[in-house]
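Numbering (our numbering), first residue to last: 640 to 727.
Presented below is the structure to which this report refers.
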């Protein structure tokens, strides 16, 4: 789990999508987004499900950052068959 390596990958990937942002959620619930924003999503159900190995999406909600409706996609990150964090 090397954030600088992950961030460079997210910055390249975001250009290939229509997503607003991409981020990595660490086991303590802290999410690091490709644009440098840091938040905590550890209490969100979609994050908890991803940490339990389930790829899923959130319900639609209004973003506090953009004041627009958003969906969050969450999937576990695995290395050598073991979950390391959650990709948002």
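Beta carbons are placed, not taken as given, at the ideal position from N, Cα and C, and that holds for glycine.
Same chain, Cβ closer than 6 Å to residue i, five either side skipped, listed in chain order
i	result
residue 586	Residue 586 falls outside the range modelled here, since the chain spans only 640 to 727, and no answer is possible.
Beta strand (DSSP E) segment containing residue i, residue limits
i	result
residue 714	712-718
Bridge-paired residues (DSSP) for residue i
i	result
residue 696	712
residue 679	669
Status (buried if at least 16 other CB within 10 Å, exposed otherwise) for residue i
i	result
residue 663	buried
residue 657	exposed
residue 670	buried
Segment limits, alpha helix (DSSP H) that includes residue i
i	result
residue 690	684-690
residue 650	642-653
Cα-Cα separation, residue i to residue j
i	j	result
residue 665	residue 705	23 Å
residue 695	residue 687	10 Å
residue 667	residue 681	7 Å
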